[in-house]
Amino acid sequence: GQNIDQPTEMTATEGAIVQINCTYQTSGFNGLFWYQQHAGEAPTFLSYNVLDGLEEKGRFSSFLSRSKGYSYLLLKELQMKDSASYLCAVRDLGGYQKVTFGTGTKLQVIP
Amino acid sequence: GAVVSQHPSRVICKSGTSVKIECRSLDFQATTMFWYRQFPKQSLMLMATSNEGSKATYEQGVEKDKFLINHASLTLSTLTVTSAHPEDSSFYICSARVMGETQYFGPGTRLLVL
Chain A
1 GQNIDQPTEM TATEGAIVQI NCTYQTSGFN GLFWYQQHAG EAPTFLSYNV
51 LDGLEEKGRF SSFLSRSKGY SYLLLKELQM KDSASYLCAV RDLGGYQKVT
101 FGTGTKLQVI P
Chain B
1001 GAVVSQHPSR VICKSGTSVK IECRSLDFQA TTMFWYRQFP KQSLMLMATS
1051 NEGSKATYEQ GVEKDKFLIN HASLTLSTLT VTSAHPEDSS FYICSARVMG
1101 ETQYFGPGTR LLVL
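First to last, the sequence lines map onto chains A and B. So the first sequence is numbered by my numbering: it starts at 1 and just counts up by one. So the second sequence is numbered by my numbering: it starts at 1001 and just counts up by one.
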């Protein structure tokens, strides 16, 4: 099984940097995803990490440490439109490689 | 990225009726599709994994006779909520996996059972 933890809520200021952490425990690890979800909408893909290290994509970066069961999503130059829930999800090694989601972190960006 | 569609986007039905939700991968073939349910202010909960040409694999606590899944082709999976009740009202989201890569989500179907 999998156990995924992330903070419930965070608040950050427009233009600033925010880091959203995710820790996980899994019986078999095959990659970690970060998704963004605006209220009432389906999640949209942000990043995928399967090896240790930092993956950078524009204003968003994602880091993974497999030995620590830890990941973070870094958002730079925050914009008001970044206010959303950010979901950490872990894929397992099973035949279907199912993805299990954390409860999500609701980020509020304030002026 | 890959495109996944869902139909309908919103449905309101009477208690006791059945509702079918379609999930299509528009520009790729998806051997595996996943069905999730999301209640307000909660995260996505995996209901079942759907593989083309075989029976779906349901998560613990999900009634397979109530939530019928059919994955008849590499681009289409359907979820039928049978004898729907108000507690089945939720946001149902499908996703499709590109081989070895990430999952792409459909836009979701909001079901309201009266």
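Backbone N, C-alpha and C define an ideal beta-carbon position, used for all residues, glycine too.
What are the partner residues of residue i, as DSSP defines its beta bridges?
{"i": "A:Asp5", "result": "A:Thr23"}
{"i": "A:Lys76", "result": "BP columns for A:Lys76 are empty, so no partner."}
{"i": "B:Phe1105", "result": "B:Ser1095"}
{"i": "A:Gly53", "result": "A:Leu64"}
{"i": "A:Ala84", "result": "A:Leu107"}
{"i": "A:Arg59", "result": "BP columns for A:Arg59 are empty, so no partner."}
{"i": "B:Leu1111", "result": "B:Val1011 and B:Ser1090"}
{"i": "A:Phe45", "result": "A:Tyr35"}
Can you name the start and end residues of the beta strand (DSSP E) that residue i belongs to?
{"i": "B:Asn1051", "result": "Met1045 to Asn1051"}
{"i": "A:Asn30", "result": "Per DSSP, A:Asn30 belongs to no beta strand (DSSP E) and is neither H nor E."}
{"i": "A:Gly94", "result": "Counting along the chain, A:Gly94 falls outside any beta strand (DSSP E), and DSSP gives it neither H nor E."}
{"i": "B:His1007", "result": "Val1004 to His1007"}
{"i": "A:Glu14", "result": "Where A:Glu14 is concerned, there is no enclosing beta strand (DSSP E), given that its DSSP letter is neither H nor E."}
{"i": "B:Ser1025", "result": "Val1019 to Ser1025"}
{"i": "B:Arg1010", "result": "Arg1010 to Cys1013"}
{"i": "A:Phe101", "result": "Val99 to Phe101"}
Should residue i be labelled buried (16 or more other beta-carbon atoms within 10 Å of its own) or exposed?
{"i": "A:Thr13", "result": "exposed"}
{"i": "A:Met80", "result": "exposed"}
{"i": "A:Gly94", "result": "exposed"}
{"i": "B:Ser1018", "result": "exposed"}
{"i": "A:Asn49", "result": "buried"}
{"i": "B:Ser1054", "result": "exposed"}
{"i": "A:Lys57", "result": "exposed"}
{"i": "A:Arg59", "result": "exposed"}
{"i": "B:Phe1067", "result": "buried"}
{"i": "A:Phe63", "result": "buried"}
{"i": "B:Val1081", "result": "buried"}
{"i": "B:Gln1029", "result": "exposed"}
{"i": "B:Leu1150", "result": "As displayed, chain B neither begins before 1001 nor continues past 1114, which places residue 1150 of chain B out of reach and without an answer."}
{"i": "A:Ile20", "result": "buried"}
{"i": "A:Ala43", "result": "Looking at the sequence provided, one finds Pro at residue 43 of chain A rather than Ala. That one is buried."}
{"i": "A:Val18", "result": "buried"}
Starting from residue i, find everything on chain C with Cβ-Cβ shorter than 8 Å and list it in chain order.
{"i": "B:Gly1053", "result": "The structure shown has no chain C; the protein chains it does contain are A and B."}
Worksheet item: Does the stretch 81-100 of chain A touch the stretch 30-42 of chain A, meaning 3 or more C-beta pairs lie closer than 8 Å?
Response: The stretch 30-42 of chain A vs the stretch 81-100 of chain A: in contact.
Discussion item. To test your reading of the DSSP string, which unbroken alpha helix (DSSP H) runs of 4 or more residues are found completely within the stretch 1030-1089 of chain B?
Written reply: Along the stretch 1030-1089 of chain B, the alpha helix (DSSP H) does not occur as any fully enclosed run of 4 or more residues.
Fill in: Three-pair Cβ contact test at 8 Å for the stretch 1028-1036 of chain B versus the stretch 1090-1110 of chain B
Yes, they touch.
Practice prompt. Report yes or no: do three or more beta-carbon pairs, one from the stretch 1103-1114 of chain B and one from the stretch 1051-1060 of chain B, lie closer than 8 Å?
Written response: The stretch 1103-1114 of chain B vs the stretch 1051-1060 of chain B: no contact.
Worksheet item: Three or more beta-carbon pairs under 8 Å between the stretch 1007-1016 of chain B and the stretch 65-74 of chain A, yes or no?
Response: With fewer than three CB-CB distances shorter than 8 Å, the stretch 1007-1016 of chain B does not count as touching the stretch 65-74 of chain A.
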